[in-house]
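Working notes for the structure below.
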Amino acid sequence: MNKNRDDNIPHLRKKGTATQLIVDGEPFVMLGGELHNSSSSSLTYMEPIWSRLVSLGLNMVLAPVSWELVEPEEEKFDFTIVDGLIKKARRHKLKLVFLWFGTWKNTSSSYAPTWVKTDLKRFPRAQLPQGRNTDAVSCFSKAACLADARAFSALMKHIREVDDQEHTVIMMQVENEVGILRTPRDRCQMAEERFAQQAPKELMKNLQAHADCLIPYLQHVWEAAGSKTAGTWKEIFGSGADEVFMAWYIAKYVNAVTRAGKAEYPIPMYANAWLGPQHEGQQPGDYPSGGPIARMMDVWRAAAPNIDFLAPDIYLEDFRGVCCEYTQSGNPLMIPEARGDEQAAANVFYAVAMHDALCFSPFAVDSIVEPHPLTASYMLLSEMMPVIAEHHGMGRMIGFADDSSYGPRYNVFTGGMTRGFDCELGSYWLRVRFNRPLETGKVPAAGLIIASEDDEYIVAGAGFTLSFAKPGEEVNVEILTLDEGRFEKGRWIPSRRLNGDESQGGKLVYMGDELCVRKAKIYSYSLTQ
Ligand code: DGJ
Numbered sequence: 230m231n232k233n234r235d236d237n238i239p240h241l242r243k244k245g246t247a248t249q250l251i252v253d254g255e256p257f258v259m260l261g262g263e264l265h266n267s268s269s270s271s272l273t274y275m276e277p278i279w280s281r282l283v284s285l286g287l288n289m290v291l292a293p294v295s296w297e298l299v300e301p302e303e304e305k306f307d308f309t310i311v312d313g314l315i316k317k318a319r320r321h322k323l324k325l326v327f328l329w330f331g332t333w334k335n336t337s338s339s340y341a342p343t344w345v346k347t348d349l350k351r352f353p354r355a356q357l358p359q360g361r362n363t364d365a366v367s368c369f370s371k372a373a374c375l376a377d378a379r380a381f382s383a384l385m386k387h388i389r390e391v392d393d394q395e396h397t398v399i400m401m402q403v404e405n406e407v408g409i410l411r412t413p414r415d416r417c418q419m420a421e422e423r424f425a426q427q428a429p430k431e432l433m434k435n436l437q438a439h440a441d442c443l444i445p446y447l448q449h450v451w452e453a454a455g456s457k458t459a460g461t462w463k464e465i466f467g468s469g470a471d472e473v474f475m476a477w478y479i480a481k482y483v484n485a486v487t488r489a490g491k492a493e494y495p496i497p498m499y500a501n502a503w504l505g506p507q508h509e510g511q512q513p514g515d516y517p518s519g520g521p522i523a524r525m526m527d528v529w530r531a532a533a534p535n536i537d538f539l540a541p542d543i544y545l546e547d548f549r550g551v552c553c554e555y556t557q558s559g560n561p562l563m564i565p566e567a568r569g570d571e572q573a574a575a576n577v578f579y580a581v582a583m584h585d586a587l588c589f590s591p592f593a594v595d596s597i598v599e600p601h602p603l604t605a606s607y608m609l610l611s612e613m614m615p616v617i618a619e620h621h622g623m624g625r626m627i628g629f630a631d632d633s634s635y636g637p638r639y640n641v642f643t644g645g646m647t648r649g650f651d652c653e654l655g656s657y658w659l660r661v662r663f664n665r666p667l668e669t670g671k672v673p674a675a676g677l678i679i680a681s682e683d684d685e686y687i688v689a690g691a692g693f694t695l696s697f698a699k700p701g702e703e704v705n706v707e708i709l710t711l712d713e714g715r716f717e718k719g720r721w722i723p724s725r726r727l728n729g730d731e732s733q734g735g736k737l738v739y740m741g742d743e744l745c746v747r748k749a750k751i752y753s754y755s756l757t758q
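Just so we're aligned, residue 230 is where the sequence shown starts under the working numbering, counting upward by one.
Take a look at the structure:
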């Protein structure tokens, strides 16, 4: 393997608290969209879709590649569709993240090739109690794991052969929304035997090494069962045993597939999650037990060192909460699936600026009807991206998207209460107030603010006002200069100087109905001298 070529392939790099995806030497933030499950199985079907994806403003497409089409007969590989997708993506200047629909897609094995699906002897199924087979191959099937790993490694070898110069494929998702449903744990004989055994030393050593910083749920179930460092799964993890057990073995399986792929072409790879519990009382098995949900992060990390990070598919209202859960323990935020409604046009600001997200990508992007407000958000963010990337991981950038969780705050300009929030950034206290009601079918107020200097702010977005303060200090805080403008490939192009009515005489940055960008210089002076 040529070393120089390896250095150049897409990879992750730390910058302060952030993790950046580096493509051809530059940080690349994916403003993407995921295709419907079946779209990329036909190049002809995809033909009219590519240009729509471009006009929507995407720079990346998440496209499924399935085991059933790549290896229709055992050890006979067919990469026609993979090659076609890469070629078309290049022609449209789009990057690709491939989703490997291998052993599991949404917990079931519907995308395994027919020679896997029909041979239950060789590829046994996960079972419910009383030996009832499920629609999923068991994660305890060594034969299935080896076969999947062999197919995935052939795929990665092929991608390297056709793409290690152009870097059109920049990341891989390994499997899709894994876990087991309808039972908290697999009850096949192999699983039952393992469950009765001692929990692996490898896991226990890892948990002990991180005992002070485990995700609270795991810490809780471990402590509640007596903080044992050896014993059976049940003895150590008590009420959490089934889920921890499944997480360990599923993550081991997905890791083996990932490792085999990375041995051929080590671009970043992740596992995505069907979230759970989604409401009080939901139990493992009601949602996929053992999947890479936030509270299993430590188990996944211990079992799957080749997986770079875990990624949430966010369909829940609580977008902010999920983003926070998935940035625990330094996990970079990648959102491979999200709702593609108007809220998406706002949420992308929050994800990209608040959490230095690697990717935002609504699902079913090929059926988004244009015009869609996501386009304006993507266009603005992509022109700003060099500036955003420069401020990754430094604590100098915030992002927000209004949702029903923001409460009313005092508004010094109206004397009334307006929903919004306050926070400290740079040398000042910022008061953000939303001036647009939350309405179904409308894009909520959203934006980002960068403290480019201690007293200089770049503000982008729509539907809010921003003012500055220094609470507790005997000073007046005012805008020294305010410019409207835009970014072009990261370069600031100013237009009007805003003053008078447009800034309430230097008191307020007003962000109206349309997305816009402002640059404000702030100063303060003593009230008394
Ligand atoms: C989540 C899955 O990961 C996707 O592949 C797709 O099936 C969507 N659900 C459907 O809403």
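Idealized CB from N, CA, C, for every residue including glycine.
In whole angstroms, give me the CA-to-CA distance for residue i and residue j.
i	j	result
Thr412	Arg389	39 Å
Thr770	Ala575	As displayed, the chain neither begins before 230 nor continues past 758, which places residue 770 out of reach and without an answer.
Phe330	Leu349	19 Å
Tyr657	His508	38 Å
Gly261	Pro591	7 Å
Met614	Asp585	11 Å
Thr669	Trp279	29 Å
Tyr754	Ala247	35 Å
Glu719	Cys368	Strictly speaking, residue 719 in this sequence is Gly, with Glu absent from that position. One C-alpha to the other measures close to 47 Å.
Pro445	Tyr752	43 Å
Val283	Glu464	54 Å
Ser681	Gly245	16 Å
Pro517	Cys652	37 Å
Gly408	Ala372	18 Å
Leu711	Lys748	6 Å
Lys232	Ala489	Residue placement at Lys232 is poorly supported in this model, since its pLDDT is 42, which falls under 50; the coordinates still yield a value, given next. Those two C-alpha atoms are separated by around 19 Å.
Met623	Val366	44 Å
Between the options, which has its C-alpha nearest residue i's C-alpha?
i	options	result
Leu264	Arg568, Ala420, Gly655 and Asn535	Arg568
Ser732	Val311, Glu702 and Phe697	Phe697
Glu300	Thr343, Pro293, Val283 and Lys324	Thr343
Asn237	Thr458, Arg281 and Val252	Val252
Asp355	Cys417, Gly655 and Val311	The identity of residue 355 in the sequence shown is Ala, whereas the question assumes Asp. Considering only alpha carbons, the answer is Cys417.
Pro700	Asn362, Gly550, Asp730 and Leu659	Leu659
Thr757	Ser724, Asn705, Gly636 and Gln437	Asn705
Asp683	Met626, Thr694, His240 and Gly714	Met626
Ser337	Phe716, Gly514 and Gly254	Gly514
Leu410	Ile310, Asn335 and Ile722	Asn335
Tell me the DSSP bridge mates of residue i?
i	result
Phe592	Glu263
His240	Ile251
Asn405	Lys334
Ser295	Phe330
Lys350	The partner list for Lys350 (beta bridge, DSSP) is empty, contrary to what the question assumes.
How is residue i classed by DSSP in three states: helix, strand or coil?
i	result
Val258	coil
Leu285	helix
Gly245	coil
Ile597	coil
Glu422	helix
Thr343	helix
Pro513	strand
Pro666	coil
Leu711	strand
Ile679	strand
Asn233	In this prediction, Asn233 scores a pLDDT of 44, lower than 50, which makes its location untrustworthy; the coordinate-derived value is nonetheless stated afterwards. In the structure shown, Asn233 sits in a helix (DSSP, three-state: H, G or I).
Gly455	coil
Ile543	strand
Ser280	helix
Phe642	coil
Thr397	coil
Ile765	Because the chain spans 230 through 758 in this model, residue 765 falls outside it and cannot be assessed.
Arg416	coil
Phe548	helix
Gln572	helix
Ile564	strand
What residue does the alpha helix (DSSP H) around residue i start on, and which one ends it?
i	result
Ser724	That residue, Ser724, is in no alpha helix (DSSP H); its beta strand (DSSP E) goes Arg720 to Arg726.
Arg389	Lys371 to Asp392
Glu612	Pro602 to Glu619
Thr309	Thr309 to Arg320
Asn435	Lys430 to Ala438
Met526	Met526 to Ala532
Ser275	Before going further, note that residue 275 is Met rather than Ser in the sequence given. That run of the alpha helix (DSSP H) goes Leu272 to Met275.
Where does the unbroken beta strand (DSSP E) through residue i begin, and where does it stop?
i	result
Cys745	Cys745 to Ser755
Asp651	Met646 to Leu654
Thr694	Phe693 to Ala698
Gly628	Met626 to Ala630
Thr363	Arg361 to Val366
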